[in-house]
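Protein chains in written order, with the numbering used here: chain A, 372 to 719; chain B, 767 to 1118.
All C-beta atoms, glycine included, are put in the ideal place defined by N, C-alpha and C.
Read the structure below first, then the notes.
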Amino acid sequence: MKAITRANWLKSWEFLLFVVFVGVIILNVSLSPFFLGLDNLVNVLQLSVETIMIGLIMTLIIINGEIDLSVAAVMGLCATAFGLLYQNGTPLPLAALLTLGLGLLCGAFNGLWIAYMGLPSLVVTLAGLVGYRGLAYVLLEDKSVTNFPDEFSALGQHNLPGLPIPATLILFAFLFIIFFIVLHYSAFGRYVYVVGNNKTAARFAGVNVRRVKMILFTVSGFMSALAALVYAARVGTVRPNVANGLELDIITIVLLGGVSIFGGSGTLIGVGLSMLTVLSFRNGMTLANISGSVQTSVIGVLLILSVLLPNLFQEVQTRWRQRHYSEQQVQAGKERDVETKQPSDVTP
Amino acid sequence: MNISSFIRRSNMRIEQLRELALLFIIILIVLFFGSQIPRYFTGTTFERVGVNVSIIVVVAVGMTLVVLTRNIDLSVGSTVGLIAFVVGQQLSDHHNLSPVLAVLLAIGIGTLLGMLNGLIVAFGKVPAIVTTLGTLAIYRGLLFAYANSTSIHTQNLPGWIIDLPRVKVLTIGDLNITFLVATAIVIVVIFQLALIYLPSARRLYAIGSDPETALTSGIPQRRLVFFAFTICGALAGLGGFMYLAQIGTITTVAAQGLELEVVAAVVLGGVSTLGGTGRVIGALLGAVLVGIIEQGLVRMQFNEFWKQAIEGLAILIAVVSDSALRTRLRISLSHNQAMPISTETEKAGPTL
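Structure (structure tokens):
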């Protein structure tokens, strides 16, 4: 909570998000009476659990002043590799482990160039976006893998025995808590902010900037692999085009959550609220029979507005302050003139 | 180092060295394919490469202007697709629409879309990556809404546009220069000359090298960034028209992912994403390299699925070699050896 009270306008951003969230819910309820049920909310989250899982690490990466455009491609590659391994007779737990390893490797590969070679993350992960997706196509071409065992699919689709929510959401809640503690209550979390605020100052202050970046990108690969496993379990079919274009949704959610694209500020509370808002909004659009591609369009508008509106707000604020300030200056100047004139008038 | 003394003697710039290296690589690859593929050195091979590359080149010229100012435009793929569809629709409905009007329509819509990008980036101060990632989705969504699950078919288009890709301008030996290739070459020449001689185009380099210095020295930064995005949109519009002429059948996923090929060409050609360096000629060479590799792989009966993976690898190699070359050369070229080594990468941060 400390992180929130620190920056004043951030606090208001989260409040604003909450208001928007409530607005979206009211809108949705007016569209469909079934919206308010807990079932629907669980359903909404369950259907996009991979998006919000990757959103957690993307939050840290953007706060750190970098960006990872390759997450969806890594997820596609991992899902494909997992399907292929399973199809060729690898036991499922081993296949899952190898997939997670592959994700780590992809992430570390990105991180190597960004952290140790000092290359811009935008280009490296853009290359990753093309390259990893390409590898996925090389592995599986235009085929697909289905028929995962029932126990595996049950993990992705059903509730754990005795619990009201699906296993995947429990996994997400667990991850959210871990990321929350790491970002807001650990030394590493502070490093993430410090590096995002000023890389050079952080290095002079003795923060191992390279290691922080390396860890973040490696974890990003791991989370993408985990999301790929969840996807395979939940959907039951794996194709090379899994999660195509998902990075747009993820980055939108993170930026809408009040994380600055320039790094250094943002909280996981904001991102959590933004996850609920964006997903409910999508759900509402589905209820209103708006097609998927138009929904993506609307998400694009949201993405731009989430940065544009605070910018405009700030612009207006500084303009107002400047005018206010200059008026004060003029006022003060007049008073000073009067003060300095008086003695000079008296002397002769 | 031998290279550095060579450069110092010949008074060559780093980007020129890069372009020379790229040309060398292209020749090596052509020789390699020539030794592997029977009847490779024929006019048709290079004609086919030219046809595939010309669209990418036209869009890449616009992208170069944007990348020079330390921005990026990821929405060009959607722009090309949307414009190809809209113009195709108009041409199928009104067969008597004149060719000039069709081209103007394409460029006009492209200009508008580019202006929207530029407006948000330059005047709304939203980072280019966020803006164009957003407009990538928006323009594609517009296409979906406009198309309403129909598509453009070649047989509905007027004859002149179907014949356009086969119109030859010049024939050298058995190598035919088609109209579309000639258009691309003309665009490259015009913009390369503009980038060398036009003062306002030179200022694009200034903005990319150091935005703050550019601002304090009185360069109208916002206006020029806006201008760069507008030109990029206009050229993407022209690219959309060429796409329609060449492909003919346009669906809602037309030109999806084209932006990646364009960025690959630009980055390969030595236009730094950190802004401030690079030339249009380089982007042309980058596009040709990608085109030759793609075509060669097809001829060697490689799986088409390898295309993307190789493109990704090519971008990465380009960026890595770019960075390595720069740091090396900066060290060996600087008279003051005490200069810090990695200032470039340090100040760059996220190139947003």
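Can you tell which of L456(A), F550(A), L500(A) has the C-alpha that lies nearest to the C-alpha of S515(A)? That would be L456(A), whose Cα lies nearest to the Cα of S515(A).
So, F588(A) versus I423(A), is the Cβ gap smaller than 8 Å? With contacts defined as CB atoms closer than 8 Å, F588(A) and I423(A) fail to qualify as a contacting pair.
Exercise. Helix, strand or coil: which one does DSSP assign to P893(B)?
Worked result: Looking at P893(B) - three-state DSSP - the assignment turns out to be coil, as it is neither helix nor strand.
| message | Suppose the cutoff is 8 Å on Cβ atoms and the five residues either side in sequence are ignored; what does the same chain contact list for L878(B) look like? | response | Taking C-beta separations shorter than 8 Å and ignoring five residues to either side along the sequence, the partners of L878(B) in its chain run G999, following chain order.
*Confirm, please, whether the CB-CB distance from P924(B) to T944(B) is below 8 Å.*
Contact flag unset, no.
Inset, instruction - Check each residue of the region 480-506 of chain A: if its Cβ is closer than 8 Å to any Cβ of chain B, include it; give the result in chain order. - result: Hits within the stretch, in order: W484, M488, G489, L490, P491, S492, L493, V494, V495, L497, A498, G499, L500, V501, G502, Y503, R504, G505, L506.
(message) Between I849(B) and I821(B), how many whole angstroms is the CB-CB distance? I'm expecting something under 8 Å.
(response) Between I849(B) and I821(B) the beta-carbon gap is near 12 Å, outside 8 Å, which marks them as no contact.
Check: Taking contact to mean at least 3 C-beta pairs separated by less than 8 Å, is the region 397-405 of chain A in contact with the region 615-630 of chain A?
Finding: The region 397-405 of chain A, when compared against the region 615-630 of chain A, does not touch it at the 8 Å Cβ threshold.
**Asked** Quick one: what does DSSP say I943(B) is sitting in, helix, strand or coil?
**Response** Reduced to three states, the DSSP call for I943(B) is strand.
Checklist entry - Is the number of C-beta pairs between the region 995-1009 of chain B and the region 841-856 of chain B that are closer than 8 Å three or more? => result At 8 Å Cβ cutoff, the stretches touch.
* Asked: Skipping 5 residues on each side, what residues in its chain have a beta carbon closer than 7 Å to that of G655(A)?
  -> Taking C-beta separations shorter than 7 Å and ignoring five residues to either side along the sequence, the partners of G655(A) in its chain run V395, L398, N399, L402, following chain order.
Note to self: If you reduce the DSSP assignment to three classes, tell me which class I791(B) lands in.
What the structure shows: In this structure, I791(B) counts as helix in the three-state DSSP scheme.
Per DSSP, cross-strand counterpart(s) of T937(B) | Paired residue(s): N942(B).
| said: Would you say I632(A) lies against chain B (beta-carbon separation less than 8 Å)? | reply: Yes, I632(A) lies at the interface with chain B (some Cβ there is under 8 Å from its Cβ).
Just checking, does the region 910-920 of chain B make contact with the region 653-671 of chain A on the three C-beta pairs under 8 Å criterion? Yes: at least three Cβ pairs fall under 8 Å.
- Task: Taking all protein chains shown into account, decide if E522(A) is buried (16 or more other Cβ within 10 angstroms of its Cβ) or exposed.
- Result: Exposed.
Worksheet entry | Under 9 Å by beta carbon: chain B residues contacting L509(A) | As written in the sequence, residue 509(A) is Val, which differs from the Leu given in the question. Chain B residues near V509(A): N1069, F1071, W1072, Q1074, A1075.
- Mind pulling the chain A residues with CB within less than 8 Å of V896(B)? I622, L626, I632, L674, I675, V678, listed in chain order.
(message) I'd like to know if R784(B) contacts chain A, where contact means its C-beta is closer than 8 Å to some C-beta of that chain.
(response) With a threshold of 8 Å between beta carbons, R784(B) makes no contact with chain A.
Q | Own chain, CB closer than 8 Å to L902(B), minus 5 neighbours either side, in chain order | A | Its chain contains L840, S841, G843, S844, E1025 as the residues whose beta carbon lies nearer than 8 Å to that of L902(B), once the 5 sequence neighbours on both sides are disregarded; these appear in chain order.
Since I believe V630(A) is in contact with G616(A) (beta carbons under 8 Å), could you give me their beta-carbon distance rounded to a whole number of angstroms? Cβ-Cβ separation between G616(A) and V630(A): approximately 20 Å, too far for a contact (criterion under 8 Å).
Can you name the residues of chain A whose CB is closer than 8 Å to the CB of S1089(B)? Residues of chain A with a Cβ closer than 8 Å to the Cβ of S1089(B) are, in chain order, M488, G489, L490.
- Is it the case that the Cβ atoms of S858(B) and N914(B) are separated by a distance below 8 Å? No, Cβ-Cβ distance for S858(B) and N914(B) is not below 8 Å.
*Return the first residue and the last residue of the alpha helix (DSSP H) that H555(A) is part of.*
Segment 538-556, the alpha helix (DSSP H) holding H555(A).
Proximity winner among A538(A), K570(A), F593(A), Q700(A), relative to A450(A) (alpha-carbon distances): Ranking A538(A), K570(A), F593(A), Q700(A) by Cα distance to A450(A) puts F593(A) first.
Review point. Quick one: does S662(A) have its CB under 8 Å from some CB of chain B?
Key: Yes, its Cβ sits closer than 8 Å to a Cβ of chain B.
Just checking: is the beta-carbon of I1107(B) within a distance shorter than 8 Å of some beta-carbon in chain A?
Residue confidence is low: I1107(B) scores 43 on pLDDT, short of 50, so the model does not pin down where it sits. Its coordinate-derived value is still stated next. No, because no Cβ of chain A sits closer than 8 Å to the Cβ of I1107(B).
Check: What residue does the alpha helix (DSSP H) around N569(A) start on, and which one ends it?
Finding: Counted as a single uninterrupted DSSP element, the stretch harbouring N569(A) is not any alpha helix (DSSP H), since DSSP gives it neither H nor E.
Problem set entry | CB of Y503(A) within 8 Å of CB of F1071(B), strictly | Taking the C-beta atoms as reference points, F1071(B) is found no nearer than 8 Å to Y503(A).
Exposed or buried, what is A994(B) when buried is set at 16 or more other beta-carbons lying within 10 Å of its beta-carbon? Per the 10 Å Cβ criterion, buried.
Span of the alpha helix (DSSP H) around S844(B)
Run containing S844(B): 842-859, per the alpha helix (DSSP H) assignment.
Beta-carbon within less than 6 Å of V935(B)'s beta-carbon, same chain only, minus the 5 sequence neighbours each way: which residues are those? Excluding five sequence positions before and after V935(B), the CB atoms of its chain that fall closer than 6 Å to its own CB belong to I943, F945, A948, given in chain order.
Cβ-Cβ separation, G635(A) to G436(A) (assumed contact under 8 Å), whole Å: Right, the Cβ-Cβ distance comes to about 7 Å (below 8 Å), so this counts as a contact.
* Under 8 Å between C-beta atoms, does L683(A) make it to chain B? -> At least one chain B Cβ lies under 8 Å of L683(A).
message: Please report the straight-line C-alpha distance between A980(B) and P893(B), rounded to a whole angstrom.
response: Going from the Cα of A980(B) to the Cα of P893(B) covers about 18 Å.
Q666(A) by DSSP, collapsed to three states: which one? Looking at Q666(A) - three-state DSSP - the assignment turns out to be helix.
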